[in-house]
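Numbering (the working numbering), first residue to last: 917 to 1094.
The following block contains the structure:
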């Protein structure tokens, strides 16, 4: 957080830049090579592919990143022609700055790794490995270990049955922390 405060100069402003689809990391890399101060807020999400589950980093705002520019760095042609970029967000000839407070609030939510920790109410605030209890339905009063979400409103939990852990899918709304 201290480093961020040092970056804030009175004459600098934040601007949003639109990137090509799934090219946010590439655009950030090229902006950094050109000497621009860039910020790409990231979240960690679960990715399921080919029966494999990975934790990957994704941009908080898909298709956007932020540049912290001094007046002499506002070369919109160079910014718009950078590899991976579509160009700065603009309305005609007006390039609206992003308030410093907005960027500061996003950075305030980052953990020590620089990743934003989001808590989604629909996930019930459960973390993989967390002990949960089932509060409704046929399995009421039983406990298990939360593994992951399955779709929008279901969760996979491991339950101890017959001396082994059995994977069980239940509605997220039926769970609470144990």
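Ideal Cβ placement from N, Cα and C applies to all residues, glycine included. Since the structure is predicted, the reported quantities are computational estimates derived from the model, not experimental observations.
query	result
Residue environment, residue 1057, which counts as buried when at least 16 other CB atoms sit within 10 Å	exposed
6 Å Cβ shell around residue 1062 - same chain, five flanking residues per side excluded	1042, 1046, 1048, 1073
Integer-rounded CB distance, given that residue 957 should sit under 8 Å from residue 977	7 Å
Buried or exposed by the 16-neighbour rule on C-beta atoms within 10 Å, applied to residue 1030	exposed
Helix, strand or coil at residue 1057 [DSSP, three-state]	coil
Opening and closing residue of the beta strand (DSSP E) in which residue 1081 lies	1080–1087
Limits of the alpha helix (DSSP H) - the one that residue 1094 falls within	Neither: residue 1094 is in no alpha helix (DSSP H) and is coded neither H nor E.
Residue 1066 versus 1086, 1060, 997, 1076, residue with shortest Cα-Cα distance	1086
Simplified DSSP assignment, three categories, for residue 1003	strand
Any chain B beta carbon closer than 8 Å to residue 947	Although the question refers to chain B, the structure presented lacks it and comprises just one protein chain.
Bounding residues of the alpha helix (DSSP H) (the contiguous stretch that carries residue 998)	Here residue 998 belongs to no alpha helix (DSSP H), and DSSP marks it neither H nor E.
DSSP state of residue 966 mapped onto helix, strand, coil	coil
Residue 1018, enclosing alpha helix (DSSP H) - first and last residue	1016–1024
Span of the beta strand (DSSP E), counted from its first residue to its last, around residue 944	It is not in any beta strand (DSSP E) - residue 944 instead sits in the alpha helix (DSSP H) that spans 940–949.
Whole-number beta carbon distance between residue 999 and residue 943, since they are thought to touch under 8 Å	7 Å
Distance between beta carbons of residue 989 and residue 952, contact taken as under 8 Å	7 Å
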